[in-house]
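Asker: This is the structure, below, for whatever I ask next.
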Amino acid sequence: MGKVLLSTGAYAKTPYYLEGLGVRVYSAEELCYVLKEDAFFLDRSIVDRKLIRWIEEELMLPKLAAALYPLLQKKTDPGTFAGIILQYVHLYENDVIKKTEAVYREGAGLSPFEKQKNRVDHLLTDGRYRTAVREYDKLLKELPEEEKLLSTAIYHNKGVAFSRLFWYEKAAEMFEEAYRRNGEEEELTAFLTAKRMQLPEKEYVAFVTGSPDYYEASMQLEQRLEKAAEDWQQSEEKRNTEELLFKRQTEEASYYYSEMAKNIESLQEEYRAHVAL
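Using our numbering, read the sequence shown as starting at 118 and increasing by one per residue.
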């Protein structure tokens with residue numbers, strides 16, 4: 118059975134209008150939803166006397182208003198202000214509220230385009246790769262030409278998203294574009310890594326030996342990969358994998374298949390989530 122939600126305060130006769138978003142809210146729950154979902158776009162303008170008065174008079178929440186009024190004099194950051202409202206209404210769990218407060222603090226002083234990128238970066242971090250790619254594309258179309266640094270970072274992150282989806286050819290294109298824009302070694306390394314994953318070994322060798330810059334960078338990449346392989350040999354993941362393989366060959370084979378079933382189910386759920394985006 119689903120969780121029963123009890124409303125906090127009254128339902129406003131007159132809505133509060135969040136001008137920056139073009140949104141009207143009528144209840145404490147609606148306000149909290151906007152404060153959380155649109156945290157990437159909101160700023161210190163939410164620390165507003167009119168909003169507190171609306172909470173006090175329309176929502177009939179004088180205790181919450183009393184906790185908010187002193188913040189007007191303290192130049193409180195919007196994360197703290199929003200956090201107090203979210204904690205009072207308790208529509209979300211504490212970990213969600215803390216993450217929301219962090220979003221406000223991360224966005225302090227950022228341009229609207231930087232805030233939009235932060236929002237999409239969180240999609241990438243959460244594993245919503247397809248959605249992140251689509252949103253990065255939208256942002257690139259809106260971005261002014263002078264935002265060179267930001268566009269480079271977006272192309273890089275698109276490459277990361279494509280890599281996570283195992284679309285290495287597209288990932289290589291994105292990293293190459295980022296490298297073309299800033300010429301940094303890390304972008305070249307990312308580009309060559311994607312090409313290495315995309316191409317058969319003979320084709321990759323022919324590709325990197327055709328350019329002195331690529332060849333030198335590829336040698337550094339191979340050193341990194343060798344180090345990664347050494348780290349894997351010492352890792353807990355390798356020991357767990359070997360343990361499972363050993364149990365498959367013994368009387369504990371049922372444990373192996375049980376653990377593999379769990380891993381496969383987890384991968385299937387992740388795949389379904391990606392496809393649904």
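The C-beta atom is built at its ideal place from N, Cα and C for all residues, glycine as well.
Source: prediction; values computed, not measured.
Select from 268, 244 and 263 the residue whose C-alpha is nearest the C-alpha of residue 255.
Answerer: Start at 1 with the first residue of the sequence shown, and residue 255 comes out as number 138. It is 268 whose Cα lies nearest to the Cα of residue 255.
Asker: Taking residue 126 as the reference, give the member of 216, 314, 345 and 207 with the closest Cα.
Answerer: Residue mapping note: residue 126 aligns to position 9 of the sequence shown, counting from 1. For residue 126, the nearest C-alpha among the options comes from 207.
Asker: Hey, could you find the ends of the alpha helix (DSSP H) residue 321 is sitting in?
Answerer: The sequence position of residue 321 within the sequence shown is 204, counting from 1. Unbroken alpha helix (DSSP H) run through residue 321: 318-326.
Asker: Hey, would you say the C-beta of residue 250 is under 8 Å away from at least one heavy atom of the ligand SAM?
Answerer: Absence of the ligand SAM from the depicted structure is noted, as is the absence of any ligand whatsoever, leaving it without description.
Asker: How long is the line joining the alpha carbons of residue 235 and residue 345, rounded to whole angstroms?
Answerer: Taking the first residue of the sequence shown as position 1, residue 235 is located at position 118. Taking the first residue of the sequence shown as position 1, residue 345 is located at position 228. Their backbone Cα atoms lie some 29 Å apart in a straight line.
Asker: From 153, 166, 311 and 172, pick the residue whose C-alpha is nearest to that of residue 335; which is it?
Answerer: To locate residue 335, count along the sequence shown from 1; it is residue 218. Nearest C-alpha to residue 335: 311.
Asker: If I measure Cβ to Cβ from residue 275 and keep anything under 7 Å in the same chain, skipping five residues before and after, which residues do I get?
Answerer: As a working mapping, residue 275 is identified with position 158 in the sequence shown. Same-chain partners within the cutoff: 250, 253 and 291.
Asker: Could you give the distance in angstroms between the alpha-carbon of residue 239 and the alpha-carbon of residue 233?
Answerer: Your numbering for residue 239 matches position 122 in the sequence shown. Your numbering for residue 233 matches position 116 in the sequence shown. When rounded, the distance between both Cα atoms is 10 Å.
Asker: Closer than 8 Å is the cut-off here; do at least three beta carbon pairs connect the stretch 279-296 with the stretch 307-321?
Answerer: As far as the Cβ criterion goes, the stretch 279-296 touches the stretch 307-321, which means the pair count is three or higher.
Asker: In the DSSP assignment, what residue or residues form a beta bridge with residue 134?
Answerer: Numbered from 1 along the sequence shown, position 17 holds the residue referred to as residue 134. For residue 134, which the question treats as bridged, DSSP gives the partners 141.
Asker: Grab the span of the alpha helix (DSSP H) containing residue 169 for me, first residue to last.
Answerer: Locating residue 169 in the sequence shown gives position 52, counting from the first residue. Where residue 169 is concerned, the enclosing alpha helix (DSSP H) stretches over 166-174.
Asker: Whether or not the stretch 218-232 and the stretch 240-249 are in contact is what I'm after, with contact meaning three or more pairs of Cβ atoms, one per stretch, closer than 8 Å; do they touch?
Answerer: Counting Cβ pairs under 8 Å, fewer than three are found: no touch.
Asker: Specify whether the stretch 132-139 and the stretch 207-222 touch according to this definition: at least 3 beta carbon pairs, one from each stretch, less than 8 Å apart.
Answerer: Touching, no.
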